[in-house]
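Colleague: Following this message is one structure expressed as structure tokens.
There are 2 protein chains.
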Amino acid sequence: MSVSELRRDPVTGRWVVVSTERPRADDFDRTPVVIQPDDSCPFCGGHEHMTPFEVLAYRNGSPSNQPGWDLRVVPNQSPIVRVEGDLDRQGEGLFDKMNGIGAHEVIIESPRHEDTLATQPEAGVERLLRAFQERIQDLRRDIRFKSFLPFKNHGAAAGAHLEHSHSQLFALPIVPREVRDELEGARVHYTAKERCLFCDIVRQELAEGRRVVAENGEAVALAPYASRSPFETWVLPRRHHSRFEDAPGGEVAAVARLLRDVLRRMDAALERPPYSFVIHSAPVSEPADFYHWHIELLPKVTRFGAFEWATGFHRNPTPPETAAKVLRETNGA
Amino acid sequence: MSVSELRRDPVTGRWVVVSTERPRADDFDRTPVVIQPDDSCPFCGGHEHMTPFEVLAYRNGSPSNQPGWDLRVVPNQSPIVRVEGDLDRQGEGLFDKMNGIGAHEVIIESPRHEDTLATQPEAGVERLLRAFQERIQDLRRDIRFKSFLPFKNHGAAAGAHLEHSHSQLFALPIVPREVRDELEGARVHYTAKERCLFCDIVRQELAEGRRVVAENGEAVALAPYASRSPFETWVLPRRHHSRFEDAPGGEVAAVARLLRDVLRRMDAALERPPYSFVIHSAPVSEPADFYHWHIELLPKVTRFGAFEWATGFHRNPTPPETAAKVLRETNGA
Chain A
0 MSVSELRRDP
10 VTGRWVVVST
20 ERPRADDFDR
30 TPVVIQPDDS
40 CPFCGGHEHM
50 TPFEVLAYRN
60 GSPSNQPGWD
70 LRVVPNQSPI
80 VRVEGDLDRQ
90 GEGLFDKMNG
100 IGAHEVIIES
110 PRHEDTLATQ
120 PEAGVERLLR
130 AFQERIQDLR
140 RDIRFKSFLP
150 FKNHGAAAGA
160 HLEHSHSQLF
170 ALPIVPREVR
180 DELEGARVHY
190 TAKERCLFCD
200 IVRQELAEGR
210 RVVAENGEAV
220 ALAPYASRSP
230 FETWVLPRRH
240 HSRFEDAPGG
250 EVAAVARLLR
260 DVLRRMDAAL
270 ERPPYSFVIH
280 SAPVSEPADF
290 YHWHIELLPK
300 VTRFGAFEWA
310 TGFHRNPTPP
320 ETAAKVLRET
330 NGA
Chain B
0 MSVSELRRDP
10 VTGRWVVVST
20 ERPRADDFDR
30 TPVVIQPDDS
40 CPFCGGHEHM
50 TPFEVLAYRN
60 GSPSNQPGWD
70 LRVVPNQSPI
80 VRVEGDLDRQ
90 GEGLFDKMNG
100 IGAHEVIIES
110 PRHEDTLATQ
120 PEAGVERLLR
130 AFQERIQDLR
140 RDIRFKSFLP
150 FKNHGAAAGA
160 HLEHSHSQLF
170 ALPIVPREVR
180 DELEGARVHY
190 TAKERCLFCD
200 IVRQELAEGR
210 RVVAENGEAV
220 ALAPYASRSP
230 FETWVLPRRH
240 HSRFEDAPGG
250 EVAAVARLLR
260 DVLRRMDAAL
270 ERPPYSFVIH
280 SAPVSEPADF
290 YHWHIELLPK
300 VTRFGAFEWA
310 TGFHRNPTPP
320 ETAAKVLRET
330 NGA
């Protein structure tokens, strides 16, 4: 094998240079996520008055906006898009714009400041995915919204502003470019083969085995062939569903168990790395039966500059086969 | 105006949320670039033996790989792609790969450790652009290469591994996704209008004025309408040329003067920010007369997570009109 390999992601067509040489120490930037106690944390149990009113909560019979909950969803206090108003689409010569209409919600995953998704009991991740589903099912009745982005940034280096474990949900009147590119890749494959591209990827990866991180009866975790960065991991349900919010409860529970398993393996193998994940799902605004919802998880263990961003050309110093082997052999239990 | 606006980039179609509210302090992450003295810097004059042999140098008659130069180009000591070998394109089921063939060169912009592009005399930036052109003209005789990426990362936060001012050049057997998307956007516009999209953007921006940062007889610096991050700036030649490496000397000199002017304004207004820039140019592998070469410059003044990366959906807390006004009114002289 050559010292490096150019690999093409079959979904988006992006090229990645995967190094097969020993990586250089200065490729990496490791800052373990350490959660500091914070008496004034607005997300802690007992501080419900410090957040906007909740739009959803899982509670043991206690009244709204009071203690006694496992998970709360509240509007973001500094939203970057707002529900009120008209889209007011306009052209400005060559340019297109509309008002920043949308929903921007925060899912507080636990009343306990020190919890993380990885350290919470199994029910924690399942609750989070279920809350995402419930909120999307509610928000999609608003026909202005075309796509939903459920995601989490964990740790300041991954873009989190508060340390208390939380996720976020955007409802947007547009379809982001990455989603559009994935849809297009999946559509082209479906048109040519009459098969789902993601189903094909899962089938090939399970047969091949080298990039499988973990699996259970209903879900598979993979290091994707053209991983953009070290330890990138996708969690895919085995069954074909285009939209996350319509996935059946048993499947979501299985994906949640596997996601937690992967996060625990990463905490052990990579020393509690900052990470982001995004749930990729077909937009509500168009038929997209050929798409297959999944989660893309990117631990942040390298520095990356605007170069990657400005070119869409990525360099990954850790082959996904190596990353998958490390995680597969790590005991995250 | 609403609190935020969704804007669409006319070239790539990506959507950006531009906030029009006062930004929050924690949106920003400002780490001025400070260059520390380093006696063992391999890029300093007198240390020519610490680099691979030069492939190009601008010197005052002195012999190769000796002191007496203004700029040197050397192969990267730890290249991520290599010139030797065959592409050996292969499929692996659904996946596509080839060997990591390419060139990866480093342009050392000055023998003096403390110089930056902004603080060097005017000739410095022009020398850099001219060296990029010369190296591409040489490398493009190798028909394995489809595209060239001339770029610079300045400061560790922008991905630079060494502090001594340098740029990099990739020659690649693929066309990166961002370049492909820009080509497609420019092609669609040209097909519909029989006009270059970038020429149209320059014309509209000069007429409108609010996003113009600076200009001279042959080039224009703009804060793009759908800026991805605060103070993103594009430098475009007024004249239409699809390929940077074929641009005439006078035009390159004018672009160089304007780029330096913008970098000096950023140093003054943003306190010597880390930054990256990439020269966007049509691939050599295909006719692309409809494309218009330009430079995209991104100062790194915000944190950004994998979220932006994973979705192609960006949030920019500084409207480009504000950024352009700040830079326009800054004395970078």
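Those sequence lines, one after another, are chains A and B. Per numbering that gives the first Met the number 0, residue 0 is the first one in the first sequence, and the count goes up by one each step. Per numbering that gives the first Met the number 0, residue 0 is the first one in the second sequence, and the count goes up by one each step. Every residue, glycine too, gets a C-beta built ideally from N, C-alpha and C. Keep in mind it's a predicted model, so treat the numbers as computed, not measured.
(1) Between A/E204 and chain B, is any beta-carbon pair separated by less than 7 angstroms?
(2) Should the stretch 263-282 of chain B be called in touch with the stretch 141-154 of chain B, which here means at least 3 C-beta pairs below 8 angstroms?
(3) Quick one: Cα of B/T321 to Cα of A/M49, how far?
(4) With 7 angstroms as the threshold, decide whether the Cβ of A/R302 is near any Cβ in chain B.
(5) In angstroms with no decimal places, state the Cα-to-Cα distance between A/R194 and A/V187.
(6) Can you name the residues of chain B whose CB is closer than 7 angstroms to the CB of A/A309?
(7) Let me confirm a value: B/I142 is counted as buried when at least 16 other C-beta atoms fall within 10 Å, else exposed. Which label applies?
(8) Please classify B/E121 as buried or exposed, where buried requires at least 16 other C-beta atoms within 10 Å of its C-beta.
(9) Under 7 angstroms, do A/E4 and B/K96 count as touching if we go by C-beta distance?
(10) Write down every uninterrupted run of the beta strand (DSSP E) in the stretch 80-136 of chain B whose length is 3 residues or greater and which is fully enclosed by it, in chain order.
(11) Tell me, please, which residues DSSP counts as bridged to B/V72.
(12) My output table needs one value for B/A218: the three-state DSSP class, helix, strand or coil.
(13) With the cut-off set at 7 angstroms, would you say B/T232 and B/L127 are in Cβ contact?
(14) Under 8 angstroms Cβ to Cβ from B/Q136, same chain only, skipping five residues before and after it: list those, please.
(15) Buried or exposed for B/H240, please, with buried defined as at least 16 other CB atoms from any protein chain shown within 10 angstroms of its CB.
(16) State buried or exposed for A/S280, treating a residue as buried only when at least 16 other CB atoms are found within 10 Å of its CB.
(17) Pull up the distance between the alpha-carbon of A/N59 and that of A/V178, whole angstroms please.
(18) Quick check: what's the CA-CA separation for A/P31 versus B/F289?
(19) Beta-carbon within less than 6 angstroms of A/V251's beta-carbon, same chain only, minus the 5 sequence neighbours each way: which residues are those?
(20) Evaluate the contact criterion for the stretch 203-211 of chain B versus the stretch 300-314 of chain B: three or more CB pairs, one atom per stretch, below 8 angstroms.
(21) Would you mind sorting B/G99 into buried or exposed? The rule is 16 or more other CB atoms within 10 Å of its CB.
(22) Helix, strand or coil: how does DSSP classify A/Y290 here?
(23) Using C-beta distances below 8 angstroms, list every residue in its chain close to A/L86, excluding the 5 sequence neighbours before and after it, in chain order.
(24) Between the beta-carbon of B/V17 and the beta-carbon of B/R29, is there less than 7 angstroms?
(25) Please list the segments of the beta strand (DSSP E) lying wholly inside the stretch 146-226 of chain B, counting only runs of 3 or more residues, in order along the chain.
(26) Could you say which of A/T115, A/Y224 and A/V80 lies nearest to A/R259 if we only look at CA atoms?
(27) Would you call A/K299 buried or exposed, if buried means 16 or more other Cβ atoms sit within 10 Å of its Cβ?
(28) Beta carbons nearer than 7 angstroms to chain A: which residues of the stretch 90-109 of chain B have them?
(29) Let me know the secondary structure DSSP gives A/T50 once reduced to three states.
(30) Please list the partners that A/S18 has in chain B, where partner means a Cβ-to-Cβ separation under 9 angstroms.
(31) I need the DSSP call for B/E4, collapsed to helix, strand or coil.
Modeller: Let me lay it out:
(1) no
(2) yes
(3) 32 angstroms
(4) yes
(5) 10 angstroms
(6) E177, S275, V277, E295 and L297
(7) exposed
(8) exposed
(9) yes
(10) 89-91, 94-98 and 102-107
(11) B/L55 and B/I106
(12) strand
(13) no
(14) E244
(15) buried
(16) buried
(17) 37 angstroms
(18) 47 angstroms
(19) L128
(20) no
(21) buried
(22) coil
(23) M97, N98, I100, R143 and P172
(24) no
(25) 146-153, 165-171, 211-214 and 218-221
(26) A/T115
(27) buried
(28) G92, L93, F94, D95, K96, M97, N98 and G99
(29) coil
(30) I79 and G99
(31) strand
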